[in-house]
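For the record, in the sequence shown the residue sitting at position 121 is 121 according to full-length UniProt numbering, with numbers rising by one throughout. Every residue, glycine too, gets a C-beta built ideally from N, C-alpha and C. Predicted model only: the values in this text are computed from it and were never measured. Data first, discussion second: the structure below is written as structure tokens.
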Amino acid sequence: EYRNPSLCRYSDVFCIDKTRVVLQNREGDEDFIHANWVGSPEPGATNYICTQAPLTETQEDFWHMCFTEKASLILMMCNYTEGYSAALIEKCSHYFPGNPNDKMQFGPYTVTMKDKLAEPEIEDSDLSVMEI
């Protein structure tokens, strides 16, 4: 059964219930985010969270997950849009500020860009997340 389709970017990409990230301090369907824990077979290795790019309506849940799970690194592996100017398709909502010292608010979470290093094929952004 497909859970919470309104919180999922794609209807054909399923969240595996056995390994899904359960949002802390939430109950019922409020604990759902389209994200799974991914582990390594090596003993003591770091576990990772793989998740879809946040939708506008899941940005607060995304930052709640990052904050409560103490995520120290976020890899965005897509562009915000794809296509050409007449037919741009959103692939990811803007879920963090674009410039140093800019802030964005997502429910109780304030995300601040502290610094940014931009190269032709990659951007490295230093973000801080505070809960108010």
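Give the DSSP-derived three-state secondary structure of residue i in the structure shown.
| i | result |
| --- | --- |
| residue 11 | coil |
Please classify residue i: is it buried, with 16 or more other beta-carbons within 10 angstroms of its beta-carbon, or exposed?
| i | result |
| --- | --- |
| residue 34 | buried |
| residue 111 | buried |
| residue 84 | exposed |
| residue 61 | buried |
| residue 10 | exposed |
Does the Cβ-Cβ distance between residue i and residue j come in under 8 angstroms?
| i | j | result |
| --- | --- | --- |
| residue 90 | residue 108 | no |
| residue 65 | residue 117 | no |
| residue 54 | residue 93 | yes |
| residue 106 | residue 59 | yes |
If residue i and residue j are in contact, beta carbons under 8 angstroms, what's the gap, nearest whole angstrom?
| i | j | result |
| --- | --- | --- |
| residue 29 | residue 4 | 6 angstroms |
| residue 69 | residue 21 | 7 angstroms |
| residue 49 | residue 37 | 6 angstroms |
| residue 97 | residue 113 | 4 angstroms |
| residue 115 | residue 102 | Going by Cβ atoms, the distance from residue 115 to residue 102 rounds to 11 angstroms, so no, they are not a contact pair. |
**Ordered list of alpha helix (DSSP H) runs contained in the region 31-113, each at least 4 residues** = Annotation note: the region 31-113 contains the following uninterrupted alpha helix (DSSP H) runs of length 4 or greater, listed N- to C-terminal: 59-68.
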